[in-house]
Amino acid sequence: MSRRTATGIRRVLPPLVLGIAALAAWELTVSLGRIAPFVLPAPSAIWHELIAQRGNIWDAALASGLNALIGLLWGTAAAVLLAMVASRFRFLADLSLPLAAVLNALPIIALAPILNNMFESTSSLPRRLVAGIIVFFPVFINTLRGLREVNPVHRELMTSYAAGGWTFTRLVRLPGALPFVFTGLRQASSLAVIAAVVAEYFGGLQNGLGSRITSAAAFTAYPRAWAFVAGACLLGLVFYLATLLLERIAMPYRN
């Protein structure tokens with residue numbers, strides 16, 4: 001067995017064992033009647049619904065995933081562009097940081113209903129706006145920090161070449177900031193899914209995971225509701241793993 005394989009097993013095995021033990025304890029607790037099934041269904045009941053509703057979960061995950069992806073893309077693009085501008089002008093950074101903090105403090109449950117009322121009931125735009133706003137803060141803060149942390153040697157070298165501001169940003173600032181950008185993206189990828197799903201609780205097309213969760217809970221079909229919750233968890237995991245893969249592709253030298 002290679003050293004890399006052994007290291008991978010040591011990383012994966014502990015959380016895997018802990019997860020299986022937690023599920024077993026959960027199943028046993030519900031089976032013994034310590035928790036009422038309508039309060040928290042057993043994992044076996046949730047798994048049964050997950051298999052039975054796999055087609056609906058897949059369709060709902062595609063709808064929620066598209067909203068989350070679009071929100072992640074526009075939120076990331078806006079955050080990186082604003083961070084590039086703010087890193088060049090100190091007064092813009094001083095103005096934008098409080099604004100970004102305000103956006104980060106906005107609760108989804110307050111923002112989603114307001115945006116839903118601003119657009120048509122059949123529009124997916126409010127959910128994508130919510131996801132993008134939630135994504136913006138972690139990407140902006142991390143990117144701005146990375147753009148500011150420039151090696152003095154690199155700065156002096158580019159100055160000696162009489163490099164312009166955009167050239168300096170393109171060749172030095174952005175490549176140096178990539179680890180910080182992906183740190184923000186790792187946080188934002190899961191947040192985009194959470195924001196998109198929660199935003200679906202407050203109206204709009206009934207084709208996403210959030211609306212399916214509320215609908216199942218309203219009909220007291222709690223195992224089904226938890227099955228859609230599990231689908232949302234898997235969707236968030238897919239987004240996170242995709243971000244890790246993109247990071248490895250963009251920065252192979254860090255592998």
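Position 171, counted from 1, in the sequence shown is what UniProt numbering calls 171; the numbers after and before it change by one each time, with no gaps. Even for Gly, the Cβ is constructed at its ideal location relative to N, Cα and C.
Other residues of its chain near residue i: CB distance less than 7 Å, five sequence neighbours each side excluded
{"i": "A77", "result": "none"}
{"i": "Y240", "result": "R186, S189 and S190"}
{"i": "R128", "result": "N67, I70 and G71"}
{"i": "S96", "result": "L82 and A86"}
{"i": "E247", "result": "F182"}
For residue j and residue i, believed in contact at Cβ under 8 Å, the rounded distance
{"i": "N207", "j": "F180", "result": "Contact flag wrong, Cβ pair sits at about 36 Å."}
{"i": "G210", "j": "V197", "result": "4 Å"}
{"i": "A195", "j": "I109", "result": "That pair is no contact at about 11 Å."}
{"i": "G204", "j": "S124", "result": "7 Å"}
{"i": "Y222", "j": "T214", "result": "Actually they do not touch by this definition, with Cβ atoms about 12 Å apart."}
{"i": "L40", "j": "V30", "result": "7 Å"}
Where the alpha helix (DSSP H) through residue i begins and ends
{"i": "F228", "result": "Y222 to A250"}
{"i": "A42", "result": "Where A42 is concerned, there is no enclosing alpha helix (DSSP H), given that its DSSP letter is neither H nor E."}
{"i": "S64", "result": "R54 to R88"}
{"i": "A188", "result": "L174 to A199"}
{"i": "I35", "result": "Per DSSP, I35 belongs to no alpha helix (DSSP H) and is neither H nor E."}
{"i": "P138", "result": "L125 to R148"}
{"i": "T214", "result": "L209 to A218"}
{"i": "P113", "result": "I108 to M118"}
Cutoff 6 Å; reference residue i; Cβ partners in own chain excluding five residues on either side
{"i": "A216", "result": "R224 and A225"}
{"i": "G146", "result": "A177 and F180"}
{"i": "S64", "result": "A196, V197, G208 and L209"}
{"i": "T243", "result": "L185, R186 and S189"}
{"i": "W26", "result": "P43"}
{"i": "L235", "result": "A61, G65 and V193"}
{"i": "R212", "result": "A60 and F228"}
8 Å Cβ shell around residue i - same chain, five flanking residues per side excluded
{"i": "L92", "result": "V85 and A86"}
{"i": "P126", "result": "A112, L115, N116, M118, F119, A199 and G204"}
{"i": "L50", "result": "I57, A227, A230 and G231"}
{"i": "A250", "result": "L178 and F182"}
{"i": "G75", "result": "A131, G132, I133, I134, V135, F136, V139, A188 and A192"}
{"i": "T122", "result": "G204 and L205"}
{"i": "R90", "result": "none"}
Any chance the region 137-148 sits against the region 181-192, with 3 or more Cβ pairs inside 8 Å?
-> yes
Do three or more CB pairs link the region 215-233 to the region 54-74 at distances below 8 Å?
-> yes
Is it a yes or a no for the region 58-73 touching the region 32-50, going by three-plus beta-carbon pairs under 8 Å?
-> no
Three or more C-beta pairs below 8 Å linking the region 102-109 and the region 127-134 | yes
If we count Cβ pairs, one from each stretch, closer than 8 Å, do we get three or more for the region 83-92 versus the region 113-128?
-> With fewer than three CB-CB distances shorter than 8 Å, the region 83-92 does not count as touching the region 113-128.
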